[in-house]
Each structure stands twice: as C-alpha cells, then as structure tokens.
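Peer 1: Can you keep this structure in mind? I'll have questions shortly.
Numbering (the numbering used here), first residue to last: 124 to 287.
This is the structure in structure tokens:
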C-alpha cells in the first residue's frame with residue numbers, strides 16, 4: 124500500500140535497489156540550496172510538464188498546475204511504474220484506495236501505463252505539503268492534484284520507477 128511523509132521517512136522505508144536509489148538521488152538534488160533542479164521545476168510553465176530521464180529506466184515529470192475540485196479529477200493507477208509524487212511548492216490533497224475497491228472506467232495500458240477508475244468516495248485523503256511525498260504502487264489507485272481550500276498552483280515532480 125502507499126507510503127507517504129517526509130523524504131527521510133520514505134527513504135527509511137523503501138527497499139534499496141538501483142532504480143529507487145536513482146529516484147531518491149534526484150529528489151535529494153531538488154531540495155539542495157541553489158539547486159539547478161529546483162530552479163528548473165520553479166520555471167516549468169503551468170500546464171506544460173517536462174520529462175527528465177534519470178538512470179535505470181527511471182524518469183521524472185516536473186510539473187506545475189492549478190489544483191482542482193474532486194469532481195474534476197480522476198482516480199488512476201499504473202502497472203509498469205511506481206509513482207513517487209514529490210511536492211516542491213504548495214500543498215494539495217490526494218485520494219488513495221486499493222484498486223480492489225475500484226471499477227475501471229478507461230484502461231490505457233500498456234501504451235500509456237494508465238488506468239482510470241470511477242471515484243471511490245470512501246478513499247482516504249492525504250494532505251501533502253512542500254517537502255513531502257507519496258509513493259504509489261500498482262495496487263494504489265490515487266487521485267492527485269486536489270485543492271485544499273481553493274485552487275492554487277502546485278509545483279511537483281512525479282518520479283516514475285519501473286516495477287521490478
């Protein structure tokens with residue numbers, strides 16, 4: 124099931140394999156003072172994500188967007204990648220539940236590694252702030268980008284780690 128919390132907390136709980144290590148090295152770079160990675164993420168235009176290829180098949184989607192109401196969001200999961208969703212600026216809510224409670228609405232695998240589900244109102248809600256992250260495995264249906272109080276710009280990176 125999903126893991127969430129501070130970056131050090133997540134590091135302590137994740138298995139050490141080369142792909143996870145590559146993802147966490149990139150995450151560490153974000154939060155270094157005067158980091159070029161942080162500067163790049165802060166300059167990503169709203170609605171125009173930037174893909175950054177890392178090592179071991181890992182890549183990151185650096186992005187900025189306006190958070191939205193739950194009615195405008197979609198519950199999703201992935202079979203080929205683990206998501207490490209790292210909040211860089213702002214805060215958002217994310218819904219999460221086990222895929223066993225979900226009804227598939229649209230399956231875009233394997234071409235896009237993306238499955239959409241009907242909303243599950245009983246899904247748990249997480250609130251993540253800058254410097255925090257959530258790790259979603261293939262069994263975790265998740266709905267990111269949800270507003271907290273009102274729509275706000277969030278800058279984050281989603282690190283995609285291949286499932287072994």
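For each residue, glycine too, the CB sits at the ideal point set by N, CA and C.
These figures come from a predicted structure and were not determined experimentally.
Among 280, 270, 281, 285, whose alpha-carbon lies nearest the alpha-carbon of residue 192?
Peer 2: 270
Peer 1: Between residue 231 and residue 165, what straight-line distance do the alpha-carbon atoms span, to the nearest angstrom?
Peer 2: 30 Å
Peer 1: How long is the line joining the alpha carbons of residue 219 and residue 253, rounded to whole angstroms?
Peer 2: 19 Å
Peer 1: Starting from residue 177, follow its DSSP beta bridges and name the residues at the other end.
Peer 2: Answer by DSSP bridge pairing: none, since residue 177 is not bridged.
Peer 1: Should residue 178 go down as buried or exposed, given a rule of 16 or more other Cβ atoms within 10 Å for buried?
Peer 2: exposed
Peer 1: Tell me the rounded alpha-carbon separation between residue 286 and residue 204.
Peer 2: 5 Å
Peer 1: Could you give the distance in angstroms between the alpha-carbon of residue 227 and the alpha-carbon of residue 157?
Peer 2: 43 Å
Peer 1: Who does residue 257 pair with in a DSSP beta bridge?
Peer 2: 127, 208
Peer 1: Which residue or residues does DSSP assign as beta-bridge partners of residue 201?
Peer 2: According to DSSP, which records beta bridges pairwise, residue 201 is partnered with nothing at all.
Peer 1: Pull up the DSSP beta-bridge partners for residue 266, would you.
Peer 2: Within the DSSP bridge table, the entry for residue 266 names 218 as partners.
Peer 1: Between residue 250 and the rest of its own chain, which residues show a CB-CB distance below 7 Å, the 5 nearest in sequence each way excluded?
Peer 2: When the five nearest sequence neighbours on each side are left out, the beta carbons in the same chain lying within less than 7 Å of the beta carbon of residue 250 are those of 214, 216, 271, in order along the chain.
Peer 1: Could you give the residue range of the beta strand (DSSP E) that holds residue 280?
Peer 2: 276 to 285
Peer 1: What does DSSP give as the partner residues of residue 191 in its beta bridges?
Peer 2: 269
Peer 1: Using a threshold of 8 Å, state whether the C-beta atoms of residue 181 and residue 256 are closer than that.
Peer 2: no
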